[in-house]
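Chemist: Can you keep this structure in mind? I'll have questions shortly.
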Amino acid sequence: MEGIVNMAVTNASAVVEFILLGFADLPNYQGFLFGIFLLIYMSILVGNGLIILITNVNSTLQTPMYFFLRHFSFLEICYTSVVFPRMFKNLLTQKRNISFLACAIQLCFFLILGGTECFLLAVMAYDRYIAICYPLNYPLIMNRKICVCLVTGSWISAIPIPIGQTFNIFSLPFCNSKSLNHVFCDIPPLLKLACGDTKVNELYSYAGAFLSAIVPFLMILLSYIKIITTIQKLPSAIGRHKAFSTCSSHLIVVSLFFGSGIISYFLPNSIKPAGVDKILSLMYSSVTPMLNPLIYSLRNKDVIVALKKLQPR
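Structure representation (C-alpha cells):
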C-alpha cells in the first residue's frame, strides 16, 4: 500500500482528482436512489450479520460448510463497505470528486476483496466436492486446521495481483476527461480515461483478472463436474436430490457473481453498450451480496431452524 501512496503523490501534479459521475444523469432521483441504496446496504449488513451470528452461536452449524459461509458473509460486508460510503456521500452532497490517492486505494481494496471472494467461493466448492465425493473421509480431510488454512490462503492469495493491477492502472497518463462514468473506481472506466496506447496495460489487467477470477472459476467448474458425476452414480433419487440441494445455493451465488463480473471485465469495451459496466458493477458489488443471505437461508433447512431459534418467544 505504501507504494500506491508514493505513486499517487508522484502523479498528483498530473492528476489531482477524478469525478465519479455515478447517477448524475438522474438529477431528480438523487434522494430516491440514496434511499434505495441505503436499504440495500442495510439489508447486506443485517442479512450477512445474521449469518455470522447464527453460524457462531448455533451448535448444529459448527461444520466446515458454515465456517466458510461465516467468513464469506464477513467478506461481503467488507466488500460492499468499500463502495457504499463513497456512493452515499456523492448522492447526498452532489460533490462527486474523488482524489487520485483515494481512487487508487478504493480500487486496490475493491480488487483485493473481490479476489478473496473468488478464491473463497472456490474453497466452498472444494468443500462440497469432498463432502459428496469422499463422505467417509470428510471429517478427516476438512478438519479445523485445514479450514483455517484455506480461508487464510484465500485472503493472502488475493493480495499481490490487485496491488500490481493498481500500479498498472495508475501509472497510466490520464490526459483526457477526468469524469468516470461509474459509481466507484474500477478498472474498465479508468482504462477508458487513459490516453496513449493502453494495449499492454489492458493485457496486464486481463491477465490479473484471469488469475484472480477465471482460475478460481475453473476450479469451481472442475469441482462441480466431479460432484455431478458422483451424484449421478447414487442409487436413489432421494440421495441424488439431497446431495444436489447442498450445492444449489452455492451454484446460484457463483452464477450471479462470476456471470456479471466476467462480462464486465472480459467483454471488450468496443462492443459493450454505454453504461453497462455501471449496471454490472452494481450487480456484483451490491445485488449479489444482498441476495446471498436469502439464497443460503431460504434453501437451507438448518439455517432456517437456527434463525427461528433467535426469535423471541
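The sequence shown begins at 13 in my numbering and counts up one residue at a time. The C-beta atom is built at its ideal place from N, Cα and C for all residues, glycine as well. All values derive from a computational prediction rather than experimental measurement.
#1: Just to confirm, is the Cβ distance from L132 to F84 under 8 Å?
#2: By the three-class DSSP mapping on this structure, what secondary structure does F186 have?
#3: Would you grab the beta carbon distance between L306 and H194 for me? Rounded to a whole angstrom, and I think it's under 8 Å.
#4: Should T67 go down as buried or exposed, given a rule of 16 or more other Cβ atoms within 10 Å for buried?
#5: Let's test the definition: count the other Cβ atoms within 10 Å of the Cβ of F35 and tell me whether it reaches 16, buried, or not, exposed.
#6: The beta strand (DSSP E) that contains N213, what's its start and end?
#7: Which whole-angstrom value describes the C-beta separation of M302 and I52, a residue pair presumed to lie in contact below a C-beta threshold of 8 Å?
#8: Grab the span of the beta strand (DSSP E) containing S111 for me, first residue to last.
#9: Between the Cα of I226 and those of P247, C197, L202 and S272, spot the shortest distance and give me the residue it belongs to.
#10: Whose CA, out of A318, H262, S298 and Y277, lies closest to the CA of M136?
#11: Please work out which residues of its chain come closer than 6 Å, Cβ to Cβ, to S111, disregarding the five sequence neighbours upstream and downstream, and give them in chain order.
#12: With DSSP as the reference, label S191 as helix, strand or coil.
#13: Throw me the rounded Cβ distance for the Q177 and L123 pair, which I believe falls under 8 Å.
#14: Start and end of the beta strand (DSSP E) containing F30?
#15: Compute the Euclidean distance between the alpha carbons of I239 and K101, then round it to the nearest angstrom.
#16: Go ahead and pull the three-state DSSP assignment for A36.
#17: Out of curiosity, what's the CA-to-CA distance linking L203 and P39?
#18: Verify whether the separation of the beta carbon atoms of L292 and I275 is less than 8 Å.
#19: Assign K321 to one of three DSSP states: helix, strand, or coil.
#20: Is the distance from the Cβ of Y138 to the Cβ of N180 below 8 Å?
#21: Could you give the distance in angstroms between the alpha-carbon of M154 and the alpha-carbon of N60?
#22: Checking 8 Å against the spacing of the C-beta atoms, do F86 and I64 come in under that value?
#23: So, at 6 Å on beta carbons, what are the nonlocal neighbours of K321 in its own chain, with the 5 sequence-adjacent residues on each side left out?
#24: Ignoring anything shorter than 4 residues, give me the alpha helix (DSSP H) runs that lie fully in the stretch 32–92, in order along the chain.
#25: Runs of 4 residues minimum, wholly inside the stretch 131–181: which ones carry the alpha helix (DSSP H) assignment?
#26: Measuring only the C-alpha atoms, how far is L192 from S257?
#27: By how many angstroms is the C-alpha of E214 removed from the C-alpha of P97?
#28: With DSSP as the reference, label S25 as helix, strand or coil.
Modeler: This is what the structure gives:
#1: Note that the C-beta distance between L132 and F84 is below 8 Å.
#2: Secondary structure of F186 (DSSP, three-state): coil.
#3: That belief does not hold up - the Cβ atoms of L306 and H194 are roughly 27 Å apart, past 8 Å.
#4: Answer is buried; the Cβ neighbour count reaches 16.
#5: Buried, by the Cβ-count rule.
#6: Segment K211 to A221 is the alpha helix (DSSP H) holding N213; no beta strand (DSSP E) there.
#7: About 5 Å; that satisfies the 8 Å criterion.
#8: Per DSSP, S111 belongs to the beta strand (DSSP E) from N109 to S111.
#9: Out of P247, C197, L202 and S272, the CA that lies nearest to the CA of I226 is found in S272.
#10: Per the Cα distances, H262.
#11: Cβ neighbours of S111 beyond the five flanking positions: E29.
#12: The answer is strand: DSSP assigns S191 an E or B state.
#13: Sure, about 6 Å apart at Cβ, within 8 Å.
#14: First-last of the beta strand (DSSP E) with F30: E29 to L32.
#15: Roughly 45 Å between the two C-alpha positions.
#16: In the structure shown, A36 sits in coil (DSSP, three-state: anything other than H, G, I, E or B).
#17: If you draw a straight line from the Cα of L203 to the Cα of P39, it comes to about 26 Å.
#18: Taking a C-beta distance under 8 Å as the contact criterion, L292 and I275 qualify as a contact pair.
#19: Assignment of K321 by DSSP, reduced to helix, strand and coil, places it in the helix class.
#20: Taking 8 Å as the Cβ cut-off, Y138 and N180 do not qualify as a contacting pair.
#21: Between M154 and N60, the alpha-carbon positions lie close to 24 Å from each other.
#22: Yes.
#23: There are no such residues.
#24: 42–69, all fully within the stretch 32–92.
#25: Correct list: 150–153 and 156–169.
#26: Computed Cα separation, rounded: 42 Å.
#27: The alpha-carbon separation between P97 and E214 amounts to approximately 29 Å.
#28: Summary for S25: the model assigns pLDDT 43, below 50, so the residue's position carries little reliability, and this model does not support an answer.
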